[in-house]
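I have placed the structure first, in the form of structure tokens, so that the comments after it can refer back to it.
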Ligand code: UD1
């Protein structure tokens, strides 16, 4: 199993580039199910979850060519025939976002068999809201042997109010509605930039969609969609992770190819803490002069919320940052019930953190020490890399396959701006 070896102490200096957003790329790849034509996606990140989705689509009969190394990481997907409209458990169990194929599969073929996702490390993560919406659109749902089967002659437009805001739920039903008969109105939708990204691709494929990026989306169903070419937006969570990397190491880092308009809540918190940011149109320069002055960085509280609030996917990284702020920060996790698994590992590195229910209290500033630590999920792994980059001595991070699910060649990118980080074993060589 691959490990990262990280020696702390170097400020990050120079320019680091942000890749395409994994959480946009996943629904956009699923959207290719909606048409028999070729869909070309550019700026697809080279991460494990994308590889998993390729396998998922291919197992259904799609032709997928992941064009890494080609200009723009250009990827082509053609679902001319979907001979086996099944998302198998072997694939779903490794990636919950596999349930994103449910909506487009039933809309295109009238049948979808999808393994029910089990729990995952950060909480239960059910898909009941996806299912309730499809039932409202006329699908019949049955369950057998751990699988959900959805059937219909043709989905019908409906008025759906999500009980709770769900990102992939909004995306799944948005895709389903593009081929439904008549109008669908979705209320209490997720407003994440990834939903807007998906809607832009669907519109390029001929779908009629209004309101993506707001809490109400209207879709006029069509009888078919056509192929399109689309460029995936930059990954705001990768960009946010790099912002913290620059700030925490006392560096001077230019984060390039990002979209600062998607980073509002993260920028606001870092500025309040005393991090200096120069914001351009597609780049941000981060300088953490605050950490070197008398008062240092200041503790600032954070509560995770749906977009445009502070993202749960940045909570772990922000906690690593908080350990370097003077004073007490409270960090409240509102989206997932069990997303504090990085806490014990940070404590082992010398952080002062206590947890009560959904709130973690971080008392800083704590000097961090190197340690052997275990990555428990994607964003927890990023938090441990951040901590290790400022710890004294050499840390060993185990189970970095979690990191490979969503960060493109993280160690190479960080090494390019001065971090001392290397991988033991070559994950891409083992595929
Ligand atoms: C997506 C992101 C993930 C991010 C999360 C929240 C992708 C591939 N993943 O996950 O990185 O952390 O949004 O921003 O885009 N829920 C239900 N029933 C449902 C669906 C969700 O109760 O049918 C609950 C979940 O358990 C959770 C909350 O709603 O507590 C939000 O989950 P959701 O927005 O659906 O997360 P994902 O779409 O799985």
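Residue numbers (the numbering used here): 845 to 1275.
For each residue, glycine too, the CB sits at the ideal point set by N, CA and C.
Which word fits residue 1028, buried or exposed, when buried means at least 16 other C-beta atoms lie within 10 angstroms of its C-beta?
-> Residue numbering aside, residue 1028 sits at position 184 when the chain shown is read from its first letter. By the neighbour-count rule (16 or more Cβ atoms within 10 Å), residue 1028 is buried.
How would you call residue 1003, buried or exposed, if buried means at least 16 neighbouring beta carbons within 10 angstroms?
-> Here residue 1003 is taken as the residue at index 159 of the chain shown, counted from 1. The residue is exposed, with fewer than 16 neighbouring Cβ atoms inside 10 Å.
What alpha helix (DSSP H) runs, 4 residues minimum, are completely inside the segment 1069 to 1150?
-> Taking only runs of at least 4 residues, the alpha helix (DSSP H) segments lying wholly in the segment 1069 to 1150 are 1080 to 1092, 1108 to 1117.
Which partner residues of residue 848 appear in the DSSP bridge assignment?
-> Working through the chain shown from its first residue, we reach residue 848 at position 4. Answer is 1241, 1267.
Whole-angstrom Cβ separation of residue 1170 and residue 1143, contact assumed at under 8 Å?
-> Position 326 of the chain shown holds residue 1170. Position 299 of the chain shown holds residue 1143. Cβ atoms of residue 1170 and residue 1143 come within 8 Å of each other, at about 6 Å.
Of all Cβ atoms in chain B, is any one closer than 9 Å to the Cβ of residue 1105?
-> In summary, chain B is missing from the structure at hand, where a single protein chain is found.
Could you give the distance in angstroms between the alpha-carbon of residue 1075 and the alpha-carbon of residue 884?
-> Within the chain shown, numbered from 1, the residue matching residue 1075 stands at position 231. Within the chain shown, numbered from 1, the residue matching residue 884 stands at position 40. Cα-Cα distance, rounded: 8 Å.
Buried or exposed: where does residue 986 fall if 16 or more other Cβ atoms within 10 Å of its Cβ makes it buried?
-> In the chain shown, counting from the first residue as 1, residue 986 sits at position 142. So residue 986 ends up on the exposed side.
Quick one, are the C-beta atoms of residue 1023 and residue 999 less than 9 Å apart?
-> Looking up residue 1023 in the chain shown gives position 179. Looking up residue 999 in the chain shown gives position 155. Against a cut-off of 9 Å, the Cβ pair of residue 999 and residue 1023 comes out as a contact.
For residue 1171, which of helix, strand or coil comes out of DSSP?
-> One-based indexing of the chain shown puts residue 1171 at position 327. In this structure, residue 1171 counts as strand in the three-state DSSP scheme.
Can you give, in chain order, each stretch of the alpha helix (DSSP H) that sits fully within the segment 971 to 1032 and has at least 4 residues?
-> For the segment 971 to 1032, whole alpha helix (DSSP H) runs of length 4 or above, ordered along the chain, are 972 to 980, 1011 to 1022.
Where residue 1187 falls: helix, strand or coil (DSSP) = Along the chain shown, read from residue 1 onward, the residue named residue 1187 stands at position 343. Residue 1187: helix per DSSP, three-state reduction.
Is residue 1096 near ligand 1, in the sense that its beta carbon is under 8 Å from a heavy atom of that ligand?
-> As a working mapping, residue 1096 is identified with position 252 in the chain shown. No, the Cβ of residue 1096 stays beyond 8 Å of every heavy atom of ligand 1.
Using the beta-carbon count (16 or more within 10 Å), is residue 1211 buried or exposed?
-> Looking up residue 1211 in the chain shown gives position 367. In summary, residue 1211 is exposed, with fewer than 16 beta-carbon neighbours lying within 10 Å of its beta-carbon over all protein chains present.
Among the residues of its own chain, which have a CB less than 6 Å from the CB of residue 1096, if the five just before and after it don't count?
-> To locate residue 1096, count along the chain shown from 1; it is residue 252. Hits under 6 Å: 857, 1131.
For residue 932, which residues from the same chain have a beta carbon less than 7 Å from its beta carbon, with the 5 sequence-adjacent residues on both sides left out?
-> Along the chain shown, one-based indexing puts residue 932 at 88. Here residue 932 has 903, 959 as same chain residues with Cβ atoms under 7 Å from its own Cβ, once five neighbours each way along the sequence are excluded.
Residue 1258 to residue 983 span [Cα, whole Å] = For this step, residue 1258 is matched to residue 414 along the chain shown. For this step, residue 983 is matched to residue 139 along the chain shown. The alpha-carbon of residue 1258 is positioned some 47 Å away from that of residue 983.
Considering only residues of the same chain and omitting the five flanking positions on each side of residue 1220, which have a CB-CB separation below 8 Å?
-> Locating residue 1220 in the chain shown gives position 376, counting from the first residue. Non-local beta-carbon contacts of residue 1220 in its own chain, meaning distances under 8 Å to residues more than five positions away in sequence, involve 965, 1185, 1186, 1189, 1243, 1246 in chain order.
Kindly list the residues whose CB is nearer than 7 Å to the CB of residue 905, restricted to its own chain and excluding five residues on each side of it in sequence; keep chain order.
-> Taking the first residue of the chain shown as 1, we reach residue 905 at position 61. If you ignore the 5 residues before and after residue 905, its C-beta comes within less than 7 Å of the C-beta of 925, 926, 927, 928, all in its own chain and listed in chain order.
Spell out the partners DSSP gives residue 1218 in its beta bridges.
-> Position 374 of the chain shown, counting from 1, holds the residue named residue 1218. BP columns for residue 1218 point to 1242.
Examine the Cβ distances between the segment 894 to 903 and the segment 1060 to 1078 and report whether three or more of them are shorter than 8 Å.
-> Fewer than three beta-carbon pairs drawn from the segment 894 to 903 and the segment 1060 to 1078 are found closer than 8 Å, and the two stretches are therefore not classed as touching.
Does ligand 1 have even one heavy atom less than 8 Å from the beta-carbon of residue 892?
-> Taking the chain shown and counting its residues from 1, the one referred to as residue 892 is at position 48. With a threshold of 8 Å, the Cβ atom of residue 892 does not count as near ligand 1, since no heavy atom of the ligand is closer than that.
Would you kindly report the start and end of the unbroken beta strand (DSSP E) that includes residue 1199?
-> Residue mapping note: residue 1199 aligns to position 355 of the chain shown, counting from 1. Note, residue 1199: beta strand (DSSP E), 1196 to 1200.
Check whether the Cβ of residue 848 sits closer than 8 Å to any heavy atom of ligand 1, and report yes or no.
-> Here residue 848 corresponds to residue number 4 of the chain shown, with the count starting at 1. In this structure, residue 848 has its CB at a distance of at least 8 Å from all heavy atoms of ligand 1.
Spatial distance of residue 947 from residue 1037 (CA atoms) | Indexing the chain shown from 1 puts residue 947 at position 103. Indexing the chain shown from 1 puts residue 1037 at position 193. One alpha carbon belongs to residue 947, the other to residue 1037, and they sit about 20 Å apart.
Pair within 9 Å by beta-carbon distance, residue 1218 and residue 1241 = The count along the chain shown starts at 1 and reaches residue 1218 at position 374. The count along the chain shown starts at 1 and reaches residue 1241 at position 397. Result yes, Cβ atoms of residue 1218 and residue 1241 sit closer than 9 Å.
Taking the CB atoms as reference points, tell me whether residue 889 and residue 852 lie closer together than 9 Å.
-> Reading the chain shown from its first residue, position 45 is the one you call residue 889. Reading the chain shown from its first residue, position 8 is the one you call residue 852. Going by beta carbons, residue 889 and residue 852 fall outside the 9 Å limit.
Is residue 1013 near ligand 1, judged by its Cβ being under 8 Å from some heavy atom?
-> On the chain shown, position 169 is the one that residue 1013 refers to. Yes, the beta carbon of residue 1013 sits closer than 8 Å to at least one heavy atom of ligand 1.
Of the residues 1025, 994, 847, the one placed nearest residue 1066, counting alpha carbons only = Residue mapping note: residue 1066 aligns to position 222 of the chain shown, counting from 1. Per the C-alpha coordinates, the member of 1025, 994, 847 positioned closest to residue 1066 is 1025.
Report back the beta-carbon spacing between residue 1061 and residue 1018 to the nearest angstrom; my notes put them in contact at under 8 Å.
-> One-based indexing of the chain shown puts residue 1061 at position 217. One-based indexing of the chain shown puts residue 1018 at position 174. Sure, about 6 Å apart at Cβ, within 8 Å.
In its own chain, which residues sit with a C-beta less than 6 Å from the C-beta of residue 1165, not counting the 5 before and 5 after it?
-> In the chain shown, the residue the question calls residue 1165 occupies position 321. In the same chain as residue 1165, and ignoring 5 residues on each side of it, the C-beta atoms closer than 6 Å to its own belong to 1088, 1092, in chain order.
Measuring from the CB of residue 1032, is there a heavy atom of ligand 1 at a distance below 8 Å?
-> As a working note, residue 1032 is residue 188 in the chain shown. Because no heavy atom of ligand 1 lies under 8 Å away, the Cβ of residue 1032 does not count as near it: no.
Check whether the Cβ atoms of residue 1250 and residue 866 lie closer than 9 Å to each other.
-> Locating residue 1250 in the chain shown gives position 406, where the first residue counts as 1. Locating residue 866 in the chain shown gives position 22, where the first residue counts as 1. Pairing residue 1250 with residue 866 gives a Cβ-Cβ distance under 9 Å.
When the distance is taken between beta carbons, is residue 1016 closer than 9 Å to residue 871?
-> One-based indexing of the chain shown puts residue 871 at position 27. One-based indexing of the chain shown puts residue 1016 at position 172. Contact: yes.
For residue 883, which of helix, strand or coil comes out of DSSP?
-> As a working mapping, residue 883 is identified with position 39 in the chain shown. In the structure shown, residue 883 adopts extended strand secondary structure according to DSSP, grouped into three states.
With a CB to CB cut of under 6 Å and the five nearest residues on each side skipped, what residues in its chain are close to residue 1148?
-> Here residue 1148 is taken as the residue at index 304 of the chain shown, counted from 1. The residues are 1154, 1156, 1159, 1177, 1178, 1179.
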